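Notes to accompany the following structure.
Number of protein chains: 2
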Amino acid sequence: MSKVLVFGHQNPDTDTITSALVYAHLKQQLGADVEAVRLGEVNNETAFALEKFGFEAPRLVEGVEAGAEVILVDHNEFQQSAKGIEEARVLEVIDHHRIANFQTSDPLYFRAEPVGCTATILNKLYKENGVEVPANIAGLMLSAIVSDTLLFKSPTCTDQDVQAGEELAKIAGVDAAEYGLAMLKAGADLSDKSLEDLLSLDAKGFEFGAYKATVAQVNAVDIEDVLGRQEELVALLTKDVADNNLDLFFFVVTDILNNDSTAVAVGAQAEAAAKAFGAEIVDGRIALPGVVSRKKQIVPVLTDGLK
Amino acid sequence: MSKVLVFGHQNPDTDTITSALVYAHLKQQLGADVEAVRLGEVNNETAFALEKFGFEAPRLVEGVEAGAEVILVDHNEFQQSAKGIEEARVLEVIDHHRIANFQTSDPLYFRAEPVGCTATILNKLYKENGVEVPANIAGLMLSAIVSDTLLFKSPTCTDQDVQAGEELAKIAGVDAAEYGLAMLKAGADLSDKSLEDLLSLDAKGFEFGAYKATVAQVNAVDIEDVLGRQEELVALLTKDVADNNLDLFFFVVTDILNNDSTAVAVGAQAEAAAKAFGAEIVDGRIALPGVVSRKKQIVPVLTDGLK
Chain C
1 MSKVLVFGHQ NPDTDTITSA LVYAHLKQQL GADVEAVRLG EVNNETAFAL EKFGFEAPRL
61 VEGVEAGAEV ILVDHNEFQQ SAKGIEEARV LEVIDHHRIA NFQTSDPLYF RAEPVGCTAT
121 ILNKLYKENG VEVPANIAGL MLSAIVSDTL LFKSPTCTDQ DVQAGEELAK IAGVDAAEYG
181 LAMLKAGADL SDKSLEDLLS LDAKGFEFGA YKATVAQVNA VDIEDVLGRQ EELVALLTKD
241 VADNNLDLFF FVVTDILNND STAVAVGAQA EAAAKAFGAE IVDGRIALPG VVSRKKQIVP
301 VLTDGLK
Chain P
1 MSKVLVFGHQ NPDTDTITSA LVYAHLKQQL GADVEAVRLG EVNNETAFAL EKFGFEAPRL
61 VEGVEAGAEV ILVDHNEFQQ SAKGIEEARV LEVIDHHRIA NFQTSDPLYF RAEPVGCTAT
121 ILNKLYKENG VEVPANIAGL MLSAIVSDTL LFKSPTCTDQ DVQAGEELAK IAGVDAAEYG
181 LAMLKAGADL SDKSLEDLLS LDAKGFEFGA YKATVAQVNA VDIEDVLGRQ EELVALLTKD
241 VADNNLDLFF FVVTDILNND STAVAVGAQA EAAAKAFGAE IVDGRIALPG VVSRKKQIVP
301 VLTDGLK
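Sequences listed follow chains C and P, in order. According to full-length UniProt numbering, the residues represented by the first sequence are 1 to 307, in order. According to full-length UniProt numbering, the residues represented by the second sequence are 1 to 307, in order.
Written out as C-alpha cells, the structure reads:
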C-alpha cells in the first residue's frame with residue numbers, strides 16, 4: 001500500500017503548503033502512513049515561512065494515479081486539485097472554502113468551517129485528538145493564518161482565527177505582527193517575477209453558472225509594480241482566455257498596506273463581472289475599494305452576478 | 001429574521017427525524033434561533049422512538065423559500081433535500097453519507113464523518129461544545145444509531161457508533177439490545193402499509209453517471225410480507241420509472257433478523273444493476289446475501305457498475 005498523499009490546491013499559497021505539512025504531521029502522530037506533497041511552485045511568501053521554521057518544501061507531484069488514496073487540504077473543488085483527482089479515493093477533506101464540483105462515491109471525513117484559514121481548523125484537530133503542537137508546526141500554522149487573513153485584517157478573519165493566531169505565536173515564540181508583516185512583504189516582493197509568473201502565482205479556476213473563469217490574485221505593496229505593465233498584462237490575459245476557452249479572466253491586485261484591490265478583467269464576461277460589483281471598467285481597470293478577499297468578496301459576487 | 005430550519009432528507013427515517021430534533025436542541029442551547037422540521041411522513045419505527053422518549057414529530061414543510069437559512073442533517077445531495085434547496089442558504093451540514101450534487105457559493109460548516117449514523121457525530125458535537133446531553137435527547141440519538149446500524153450489525157457500524165450507543169443507552173436509562181429490537185420490529189411491521197407506501201417509505205434519488213435512479217429500502221421480519229405481492233410491486237415500480245423518467249428503480253427488502261436483502265429492479269438499467277453485484281435476476285429477484293446497507297453495500301456498487 002503506498003502512502004496516503006496530503007495536498008492543497010494548484011498554484012499553492014502559504015495555507016495550502018503549510019496545511020499539507022501540518023496535517024501530515026498530525027496524521028503521522030496518530031499512526032497514519034501519509035506524505036505531504038504539493039501541486040506547484042512555492043511562492044516567495046511561503047518560502048520565507050518554511051525557511052523561518054526550518055522546513056523543506058513538500059515533494060512536487062504532477063497528478064495522482066487512479067485509485068490513489070488522498071487527503072485534500074485547503075480546497076475541495078476538483079478543478080483546483082491534482083490531475084486525476086476524479087479517479088482517486090478522497091479519504092478526507094479539511095477546508096474553509098465553499099463546496100462545489102466535489103463528489104465521492106463513499107462516505108468520508110469532510111471538515112469544512114467558515115473560518116479564515118485551514119490552519120485554524122487544524123489547530124482544533126490537534127486539540128480534539130489530544131496531540132501537542134510543536135513550536136515549528138505552530139509557526140507554520142501562524143504563517144498560514146497571517147497569509148490568509150492579511151494579518152487579521154481581511155473580512156474573512158474570524159475570532160477563532162485571531163485566537164488561534166495568538167495561541168500559535170506564543171507556542172512558536174514569535175511576535176505575530178512583526179513576523180507577519182515581514183512574511184507578507186516577502187510575498188509582495190514582485191521584483192523577481194515576470195507577468196507570466198504573476199498570472200499563475202495564485203490563480204484558481206471556477207465555474208460561475210455556465211461560465212468558465214479564472215480568478216487570480218497577487219498581493220503588492222505598490223500596485224503599479226504590476227499595473228504599470230497593464231498593456232502587456234492584458235495581452236497575456238487575452239491569450240490565456242483564448243488558450244483555455246475561458247469566459248472570464250479576473251486578475252486582482254491587492255494593496256496589502258491599504259487593503260484595497262484593483263482588477264483587470266478579460267473575456268466575454270468582463271463587463272458583466274464589473275457590473276456584478278456595481279462598478280465600471282475605467283481605463284481598463286475595475287476599482288474594488290475595501291476588497292481583499294477572493295473567497296468572501298469576489299467569488300460570491302461573481303457567482304451571483306454571472307448566473 | 002425567521003428561524004433557521006434544521007431538517008434531514010425526504011422520506012425521513014429515524015436518523016433524519018431525530019437528528020433534526022437533536023441538533024436543533026444543541027443549537028438552541030448555544031443560543032441559535034432554530035426549528036427542527038421534516039420533509040415527509042414519520043415511519044412506524046420513528047414514531048415508536050418519538051413516543052418512547054416523549055417527543056412530538058417536527059413540523060412538516062413542503063419546501064424552503066429562496067434565501068431561507070437552513071441546516072441539513074443526515075444528507076447533503078440536493079435531490080434528497082427540500083424543494084427549493086438550490087436557492088436557500090445552507091449554513092451547516094452534519095452528515096455521514098457520500099458527498100455529491102451539493103454546492104454553495106459561500107463557505108459553511110460542513111461536518112461529515114464516515115460513521116454509521118449522524119447521531120454519533122452529534123454526540124461528539126455536544127462534547128466539543130461542552131453541552132450536557134439530557135436523557136430524552138440521548139434516547140433519540142440511541143434510536144438513530146440502532147436504526148442506521150441495525151442494532152450494531154450493519155457493516156456501516158464503526159467502533160465510534162458502538163461506543164456512542166453504549167454511552168447514550170446509559171444516559172437514556174434503557175437496555176440498548178432490548179429497546180433496539182423492539183424499535184426495529186415496530187419499523188418492520190408492514191401490516192398497515194400498502195405497496196405504494198412501501199415504495200416511498202425510504203426511497204432516495206441518485207444519479208449514477210448519466211443515469212437517474214431511485215433506491216428504496218424496507219426492513220422486514222419476513223420478506224414475503226412484501227415480495228409475496230411481487231407482480232403488483234413490479235407494476236408499481238414500472239409506473240414510477242415511466243412517470244419519473246428513471247433509468248432504474250432498485251427496490252430492496254432487508255431481512256432484519258438474518259441480515260440479508262433481496263432486490264427487485266425495474267428500468268433499462270435493471271440488468272446492469274444485477275450485474276454490478278455479480279448477480280443475476282432470477283424469478284424477477286436479485287439475491288443480495290449479507291447486504292443490509294444501502295450506503296456502503298448498494299450505492300457504491302451501483303455507482304461503479306453504472307458509470
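A virtual CB, placed ideally from N, CA and C, is assigned to each residue, including glycine. Here the structure is a predicted model, which is why all the values come from computation and not from measurement.
At a cut-off of 9 Å, the C-beta of Val299/C has a neighbouring C-beta in chain P.
Shown here, Asn123/C sits in a helix according to DSSP, grouped into three states. Its chain contains Ala276 as the residues whose beta carbon lies nearer than 6 Å to that of Gly305/P, once the 5 sequence neighbours on both sides are disregarded; these appear in chain order.
In this structure, Asn129/C places its C-beta atom within 9 Å of the C-beta atom of Gln29/C. With its beta carbon less than 9 Å from one in chain P, Pro107/C belongs to the interface. Around the Cβ of Thr214/P, a 10 Å sphere holds 16 or more other Cβ atoms; the residue is buried. For Leu248/C, the uninterrupted beta strand (DSSP E) segment begins and ends at 248 to 255. Within the stretch 102 to 179 of chain P, the complete alpha helix (DSSP H) runs of at least 4 residues fall at 118 to 128, 135 to 149, 159 to 172. According to DSSP, residue pairing for Thr214/C in a beta bridge involves Gly205/C, Phe249/C. Proximity of Asn129/P to chain C, defined by a Cβ-Cβ separation below 9 Å, is not satisfied. Distances from the alpha-carbon of Ala210/P to those of Ser154/P, Arg38/P, Ala268/P, Gln230/P put Ala268/P closest. Annotation for Glu231/C: the continuous alpha helix (DSSP H) segment containing it runs 230 to 243. Shown here for Gly290/P: not one same chain residue has a beta carbon closer than 6 Å to its own, the five before and five after excluded. Against chain C, the CB of Ile99/P has a partner CB under 9 Å away; the residue lies at that interface. Judged by DSSP secondary structure, Val299/P falls within the alpha helix (DSSP H) whose first and last residues are 299 to 305. Between Ile145/P and Gly116/P, the C-beta spacing is below 9 Å. Contact between the stretch 84 to 103 of chain C and the stretch 53 to 71 of chain C is present: three or more C-beta pairs spanning the two stretches fall below 8 Å.
By the criterion of at least three beta-carbon pairs nearer than 8 Å, the stretch 166 to 184 of chain C is not in contact with the stretch 198 to 208 of chain C.
In this structure, Lys27/C sits near Val34/C, with a CB-CB distance shorter than 9 Å.
If you look at Ile17/C, you'll find it in the alpha helix (DSSP H) that goes 14 to 29.
For Ala49/C, the enclosing alpha helix (DSSP H) begins and ends at 44 to 52.
For Gly63/C, the beta-bridge partners assigned by DSSP are Lys83/C. A distance below 8 Å between beta-carbons, with the five flanking residues on each side excluded, links Gln230/P to the following residues of its chain, in chain order: Val264, Gly284, Arg285.
For the pair Thr120/P and Thr158/P, the CB atoms are nearer than the 9 Å cut-off. Residues Pro289 of the same chain have their beta carbon placed closer than 6 Å to that of Asp260/P, with the five preceding and five following residues left out of the count. In terms of CA proximity to Leu122/P, Thr16/P leads the group Phe53/P, Phe55/P, Thr16/P. Interface annotation, His96/C: in contact with chain P, CB-CB separation under 9 Å. Neighbours of Asp304/P in chain C, taken as residues at a C-beta separation under 8 Å, are given in chain order as Ser105. DSSP, read as helix, strand or coil, puts Ser261/P in strand. In summary, Gly8/C is buried, with 16 or more beta-carbon neighbours lying within 10 Å of its beta-carbon over all protein chains present. In the same chain as Ser154/C, and ignoring 5 residues on each side of it, the C-beta atoms closer than 6 Å to its own belong to Val292, Ser293, in chain order. Using a Cβ distance threshold of 9 Å, Asp197/C and Gln217/C do not count as a contacting pair.
For Pro12/C, there are no neighbours in chain P by C-beta distance under 9 Å, as the nearest C-beta there is about 19 Å away. His75/C has its alpha-carbon roughly 29 Å from the corresponding atom of Ser191/C.
Nothing from the stretch 230 to 260 of chain P brings a Cβ to less than 7 Å from some Cβ of chain C.
Looking only at Phe78/C, Glu65/C, Thr149/C, Lys212/C, the smallest Cα-Cα distance to Thr303/C is reached by Lys212/C.
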